[in-house]
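Beneath this line is the structure, given in structure tokens, with notes to follow.
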Amino acid sequence: MTASLMNTGKKNPFRDTQQGEYGNGDRNDWVMQASCRNGDPDALFVRGAEQRRAAAICRQCPVMIQCRADALDNKVEFGVWGGLTERQRRAILRKNPHVDSWEQFFAQGGELLGM
1135 MTASLMNTGK
1145 KNPFRDTQQG
1155 EYGNGDRNDW
1165 VMQASCRNGD
1175 PDALFVRGAE
1185 QRRAAAICRQ
1195 CPVMIQCRAD
1205 ALDNKVEFGV
1215 WGGLTERQRR
1225 AILRKNPHVD
1235 SWEQFFAQGG
1245 ELLGM
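Position in the sequence shown (from 1) plus 1134 gives the number in this note's numbering.
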């Protein structure tokens, strides 16, 4: 599995004109808007091929990028977070040790290619 990085200069996903800055350290701001918030948490902590199905929950989530950045920044080992499986996150972290802050990377328009 490969994932490349690219700075696209797209709209900052950490900025919401109604909610203010997501990147201000208050995780609850975006967690409260997560699509999975009211679902069964066990659905995101599955093994093997089930992880791909679990990641589908994230595809339409309004805070997928914030969740992804949080999981990568905190090196979360288990479960599906921000649409990424455990294996995908490990590969991304291993191939990109130069990224000090995934929150900042995504806030500056960075994007994972091939995901």
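Ideal placement from N, C-alpha and C gives every residue a C-beta, glycine not left out.
Secondary structure at E1211: coil, using DSSP grouped into helix, strand and coil.
By the Cβ rule, the stretch 1202-1211 does not count as touching the stretch 1174-1186, because fewer than three pairs are nearer than 8 angstroms. Distance check between G1216 and each of L1227, R1224, Q1200 and N1230 places Q1200 closest, using alpha-carbon atoms only. Straight-line spacing of the CA atoms in A1188 and A1177 works out to 6 angstroms.
For L1246, the enclosing beta strand (DSSP E) stretches over residues G1244 to L1247.
Counting of Cβ neighbours within 10 angstroms places R1221 among the exposed residues, the total staying below 16. Residue environment: L1246 is assigned as buried (16 or more neighbouring CB atoms within 10 Å of its CB, all protein chains considered).
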